[in-house]
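Chemist: One structure, as structure tokens, below. Some questions next.
Residue numbers (this note's numbering): 1 to 130.
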């Protein structure tokens, strides 16, 4: 049975909605809720689930969204960038080695007897007495 094409698009849309939020944003949402704003209003305004806001408030009240946690987020972000740069440098080093090897073992002159394209050396035309 063939699924309608719009189902695939909906699935991609749902997958694309996954995003991460900074500790500062989570703390801001928790503080807004504690100050009296409703989860429903926060959820609508920021397009996040009410359950997620509830989780953030719990973490905020437990002290998990303090400045140390924010610093840990920043460190994790930097570590991810460093890892990506290391992968890129590794790929470039490999490419460089391959190119150096290609230059070192570059094309060699072909002899006339081994060339597939030209074949054997041409014989002089008949009647040439040289």
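Glycine included, every Cβ here is placed at the ideal spot set by N, Cα and C.
1. Out of 20, 107, 27, state which residue places its alpha-carbon closest to the alpha-carbon of residue 61.
2. What three-state label does DSSP hand residue 66 in the structure shown?
3. May I ask which residues mark the beginning and end of the alpha helix (DSSP H) holding residue 58?
4. Using 8 angstroms as the threshold, is the region 50-64 in touch with the region 99-108, meaning 3 or more CB pairs across them?
5. If residue 72 and residue 56 are in contact, beta carbons under 8 angstroms, what's the gap, nearest whole angstrom?
6. Roughly how many whole angstroms lie between the Cα atoms of residue 59 and residue 89?
7. Which of helix, strand or coil does DSSP assign to residue 105?
Modeler: According to the data block:
1. Comparing Cα-Cα distances from residue 61 to each of 20, 107, 27, the minimum goes to 27.
2. Under the three-state reduction of DSSP output, residue 66 falls in the coil class, being neither helix nor strand.
3. First-last of the alpha helix (DSSP H) with residue 58: 50-61.
4. With a cut-off of 8 angstroms, the region 99-108 and the region 50-64 do not count as touching, because too few Cβ pairs lie within range.
5. Incorrect: roughly 16 angstroms between the Cβ atoms, too far for contact.
6. Using only the alpha carbons, I get a separation of about 38 angstroms.
7. Three-state DSSP puts residue 105 in coil, outside helix and strand.
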